[in-house]
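Trainee:
In the numbering used here, the protein residues as written are 6 to 256.
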């Protein structure tokens, strides 16, 4: 609650065990809240052949939302290993999941080194109006291995994804139209990327702008840096942060 006490209107004591099933031992988990106050969480679960991503939706009172998927759970099964990276909802409460297929061995070669955005309808089914099959694939750098770090939907329904390629150490963004196809007015065929030669640790997308926090250099010479990509995709800026103990900063 606003007073810092457990919210007893949510699952009686403010705590709800999520019905994911058998979680993968390395599974990350992500959470977001839609416009109706429903809580969504995503995690990687074990499957007979590999790992899938499962998304759970709870009502505002903490009960399972049985209008979503099967008993409040929807499963995303694209490749042998579907590694969830980021979870979001749009203005229509459709669910968007950014995932990659490179953390563990991919099965189908067409997914190797690629990332994707899956869009689900409010009922948890694949949204076939999004890239024809509900899945939009992208690659940040040729021959690389990218993964999404942040995702947001702007006021026109365009999906903006911040991504990092750990092979080429490139950072960048991908912008998709609401239909799931690349926005060719953004960067090169919907992709903006730049070589960083640094380690990206965090990213955010807000109002179409993308920001990254990273460090570069070695040992005691490491320097914190911020990179930002403008709304039009053409302004890529990289600047150092001079931090002093106790300083606050924002971008």
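C-beta atoms are modelled at their ideal positions from N, C-alpha and C, and glycine is treated no differently.
(1) Could you round the C-beta distance between residue 143 and residue 196 to whole angstroms and report it? I think they count as a contact, below 8 Å.
(2) Classify residue 109 as helix, strand or coil using the three-state DSSP reduction.
(3) Which residue from 68, 173, 88 and 122 puts its Cα closest to that of residue 100?
(4) Whole angstroms is fine: what's the gap from residue 64's alpha carbon to residue 42's?
(5) Please classify residue 237 as buried or exposed, where buried requires at least 16 neighbouring CB atoms within 10 angstroms.
(6) Who are the near neighbours of residue 109 in its chain, counting only those whose CB is closer than 6 Å to its CB and skipping five residues on each side?
(7) Entirely within the segment 44-127 and at least 3 residues each: give me those beta strand (DSSP E) ranges in chain order.
(8) Please report the residue range of the beta strand (DSSP E) in which residue 153 lies.
(9) Taking residue 48 as the reference, which of 199, 166, 84 and 88 has the closest Cα?
(10) Are the CB atoms of residue 165 and residue 210 within a distance shorter than 7 Å?
Mentor: Looking at the coordinates:
(1) 7 Å
(2) With a pLDDT of only 47 at residue 109, under the threshold of 50, the placement of this residue in the model should not be trusted, and no figure is reported.
(3) 122
(4) 7 Å
(5) exposed
(6) For residue 109, the pLDDT reaches just 47, beneath the cut-off of 50, and the residue's location in the model is therefore unreliable, leaving the point undetermined.
(7) 44-52, 55-63, 78-81, 88-94, 100-105 and 120-125
(8) 151-158
(9) 88
(10) yes
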